[in-house]
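Quick notes on the structure that follows.
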Amino acid sequence: MIEVRELRKNYGDLWAVDGVDFSIGKGEIVGFLGPNGAGKTTTLRILAGYLPQNSGTVRVLDLDNKTDGLKIRRQVGYLPENNPLYETMEVSEYLSFLWAARRLGSAQVRQNRLKEVAASCGLESVIGKDIGELSKGYRQRVGLAGAILHDPSVLLLDEPTSGLDPIQARDVRDLIKSLKARKTILLSTHILPEVHAICDRVVIIHKGKLVADQPLKDLANSEEYVITVGFAKNLTNGEDRLKDIEGVTALEGPSRRGHEFIYRIRAQKDVRREVFELAASKHLPLVELKMEEKSLEEIFHELTR
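In structure tokens, the structure reads:
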């Protein structure tokens with residue numbers, strides 16, 4: 000659905016995007032992470048067909064953005080970060096305007112589709128109100144409604160919950176999750192809980208360069224495994240056996256927790272099976288064996304500092 004290869008874009012001496020590669024398959028929802036100024040918005044504008052790159056290739060829905068930019072704009076749903084809206088228009092007028100601008104179909108088809116979109120985005124109670132009268136949360140809903148009006152299979156969302164209060168942000172996240180089954184979604188954000196709530200995979204960029212691209216569940220243990228091991232008594236020569244396990248790079252401890260002795264193993268792979276087998280064969284009184292998971296926030300700061 001989306002394929003990006005060696006993408007580069009500069010503004011004068013600043014390379015906003017510098018050799019970025021990633022691809023997104025059908026039905027995926029991917030968090031596009033990075034600090035402010037990392038190049039997220041520039042990348043999304045290129046993917047949406049509104050900004051040319053300096054070099055590299057971009058294909059969206061098997062269309063090349065250099066030769067098929069108009070087709071991409073017609074077939075992709077895009078919510079920009081600033082969510083530009085006509086504040087003097089009623090919600091229904093604005094969506095009807097977008098329908099006409101896209102030349103999507105007859106008045107009857109439009110009426111039915113507007114009802115569907117209003118229901119999906121929770122806009123039924125404000126459909127006749129001026130956009131300028133709406134809260135920011137409802138304005139984001141209007142922006143999303145405009146992005147999905149033509150029923151695109153790919154959605155590009157740039158900071159969709161930025162500036163919203165917690166309740167508004169939750170409502171918009173719930174709306175995005177409701178679209179997940181039917182859309183391929185690339186979601187730009189710097190709000191890490193949002194990624195946990197919505198995404199299956201993350202792509203992280205920093206200073207225009209790709210620094211991570213992994214499923215969310217694998218990211219925590221991508222570089223180092225940290226395993227907590229507890230024993231009912233202090234080890235004498237057992238520590239050396241733990242250090243000798245293949246893949247172990249460091250052993251910390253023991254620290255006391257009540258009557259237990261706690262060690263932390265750092266390793267290049269998951270060595271829990273080897274630790275268990277060692278404890279069983281040497282009759283070591285094992286009481287705890289678990290993997291420690293880094294938080295997404297810790298990983299994000301490690302990759303972007």
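Sequential numbering from 0 applies to the sequence shown in numbering that gives the first Met the number 0.
Cβ atoms here follow ideal geometry from the backbone N, Cα and C, with glycine treated the same way.
It should be emphasised that the depicted structure is a prediction, and the values quoted were computed from it without experimental measurement.
I'd like to confirm something about residue i: is its beta-carbon nearer than 7 Å to some heavy atom of the ligand SAM, or not?
i	result
A15	The model on display carries no ligand, and the ligand SAM is accordingly not part of it.
Could you check if residue i is buried or exposed, using at least 16 other CB atoms within 10 Å of its CB as the buried criterion?
i	result
Q139	buried
G24	exposed
A117	buried
V108	exposed
A180	exposed
I147	buried
K15	First, the residue type needs correcting, since residue 15 is Ala and not Lys in the sequence shown. It is buried - the Cβ of A15 has at least 16 other Cβ atoms within 10 Å.
E193	buried
A99	exposed
N64	buried
G257	exposed
R101	exposed
G36	exposed
I166	exposed
L69	exposed
T66	exposed
T87	exposed
R304	exposed
Pick out whichever of the options has its Cα sitting closest to the Cα of residue i.
i	options	result
E223	L241, A249, H205 and P214	A249
G76	A144, R112 and K268	A144
T227	L295, V201 and R255	R255
E296	I190, S119 and R112	I190
R172	V274, T160 and V90	T160
M0	H195, D129, L154 and L6	L154
K268	E259, L178, E291 and G18	E291
L243	I261, P253, K232 and V270	Before going on, a small fix: residue 243 reads as Asp here, not Leu. Residue V270 is the option with its Cα nearest to D243.
L283	I264, K232 and R101	K232
L78	R263, S187, L285 and F260	S187
I28	L241, L13, G207 and I184	I184
G246	G252, G229, F260 and E273	E273
G18	L234, K206 and I130	K206
D20	Y49, F260 and A211	A211
K216	D199, S134 and I264	D199
D170	Y137, G55 and V201	Y137
G11	N53, G48, I298 and L94	N53
G164	P151, H149, K135 and V141	The sequence as given places Asp at residue 164; Gly does not occur at that position. Looking at the Cα atoms, K135 is the closest of the given residues.
P336	L234, V201 and E259	With the chain covering 0 to 304 only, the question about residue 336 has no answer from this structure.
A278	R265, F96 and R240	R240
P83	D157, L62 and C120	D157
R263	L288, K281, G68 and A196	L288
G142	L94, G30 and S280	L94
S91	L32, Q74, A168 and E115	E115
K281	T235, F299 and A47	T235
V57	V225, I197, G131 and R4	R4
G26	K8, L43 and K182	K182
E2	S177, F230, P34 and D61	D61
On the DSSP bridge assignment, give the partners of residue i in chain order.
i	result
S22	E2
R263	T227 and E251
R16	Looking at the sequence provided, one finds Val at residue 16 rather than Arg. DSSP output for V16 lists K8 as bridge partner(s).
L122	For L122, which the question treats as bridged, DSSP gives no partner whatsoever.
L62	V59
R72	Per DSSP, none; premise fails for R72.
D129	E89
R256	E259
What residue does the alpha helix (DSSP H) around residue i start on, and which one ends it?
i	result
S119	A106 to S119
L78	Taken as a continuous stretch (DSSP letters only), L78 belongs to no alpha helix (DSSP H), being part of the beta strand (DSSP E) at V75 to L78.
L288	L288 -> not in any alpha helix (DSSP H); beta strand (DSSP E) instead, spanning L285 to E291.
I45	K39 to L46
V270	It is not in any alpha helix (DSSP H) - V270 carries neither H nor E in the DSSP assignment.
I298	L295 to T303
What residue range is occupied by the uninterrupted beta strand (DSSP E) comprising residue i?
i	result
R101	Segment V90 to R101 is the alpha helix (DSSP H) holding R101; no beta strand (DSSP E) there.
S54	S54 to V59
I28	I28 to L32
Uninterrupted alpha helix (DSSP H) stretches inside the region 140 to 215 (no shorter than 4 residues):
Restricted to the region 140 to 215, the alpha helix (DSSP H) segments that are unbroken, complete and at least 4 residues in length are 165 to 178 and 191 to 197, listed in chain order.
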